[in-house]
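**Q**
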Amino acid sequence: MFILAVGLLLPKPHGRRRSLAGFDFAQGRRCCDCYFLCMVLNLLIGTVVISLTVLIHTFGLIAVTHIMGHLVARFRMHGRRSRTVAMISVVMGLFAVMTTEVWLWAGLYLVLDIFADFETALYFSTITFSTVGYGDIVPAHGWRVLAALEGVNGFLLIGWSTAYLVAAGTRIGPFKAGEHF
1 MFILAVGLLL PKPHGRRRSL AGFDFAQGRR CCDCYFLCMV LNLLIGTVVI
51 SLTVLIHTFG LIAVTHIMGH LVARFRMHGR RSRTVAMISV VMGLFAVMTT
101 EVWLWAGLYL VLDIFADFET ALYFSTITFS TVGYGDIVPA HGWRVLAALE
151 GVNGFLLIGW STAYLVAAGT RIGPFKAGEH F
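Each residue of the sequence shown is one higher than the one before, counting from 1 in the UniProt record's numbering.
(1) Can you tell me the Cβ-Cβ gap for Val85 and Val72, rounded? I've got them flagged as a contact below 8 angstroms.
(2) For Gly169, does the count of other Cβ atoms within 10 angstroms reach 16, so buried, or fall short, so exposed?
(3) Using only the alpha-carbon positions, how far apart do Cys34 and Val145 sit?
(4) Rank Arg81, Val132, Gly154 by C-alpha distance to the C-alpha of Val49 and give the top, closest one.
(5) What do you get for Val111, buried or exposed, if any count of 16 or more other CB atoms within 10 angstroms of its CB means buried?
(6) Under the rule that 16 or more other beta-carbon atoms within 10 Å means buried, what is Ala63, buried or exposed?
(7) Leaving out five residues before and five after Gly133 in sequence, what residues of the same chain have Cβ atoms less than 8 angstroms from its Cβ?
(8) How long is the line joining the alpha carbons of Ile88 and Phe115, rounded to whole angstroms?
(9) Could you pull out every unbroken alpha helix (DSSP H) segment of at least 4 residues lying fully inside the UniProt domain "Potassium channel" (98–168), listed in chain order?
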């Protein structure tokens, strides 16, 4: 709703198509001459989505922790097998959480009409979130700050996941501090 409201406030030059957020993507240019307003819009939308991904990540890690404990307790595995199953569940859980976050960004790009189809939006979101950034697909000029925010968001969440994975590996996984490190 916020995005739609802001998009309707931005001026529409005569004869041009205005997308949801007030940018003309058919021409590859912005429909708005106010660079400051465009940047503020990028920052506001980015802040909201980053907050959502942090919430998803927080609750996702809590869920991964509970599922991991449940798997080990349910199958009553001991020794190496339980630690290996626990680590596999952690890795798959982290992958599922980060996939959800990437899909959220891709959905945002589609809603904002930055990309024409979901496949392109998902591809761009994946390479941006993972900070690979091939550069073969780039957003329109008015959305570059939003894409940069996704890269920073992905970098932080991947780092957080790595820290969680290392902690899980040394506490309940097959790697023990002092023995393997």
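Ideal placement from N, C-alpha and C gives every residue a C-beta, glycine not left out.
**A** The short version:
(1) Contact flag correct, Cβ pair sits at about 7 angstroms.
(2) buried
(3) 15 angstroms
(4) For Val49, the nearest C-alpha among the options comes from Gly154.
(5) By the neighbour-count rule (16 or more Cβ atoms within 10 Å), Val111 is not buried but exposed.
(6) exposed
(7) Answer for Gly133: Ile127, Gly151, listed in chain order.
(8) Roughly 35 angstroms separates the two Cα atoms.
(9) Along the UniProt domain "Potassium channel" (98–168), the alpha helix (DSSP H) occurs as fully enclosed runs of 4 or more residues at 118–129, listed in sequence order.
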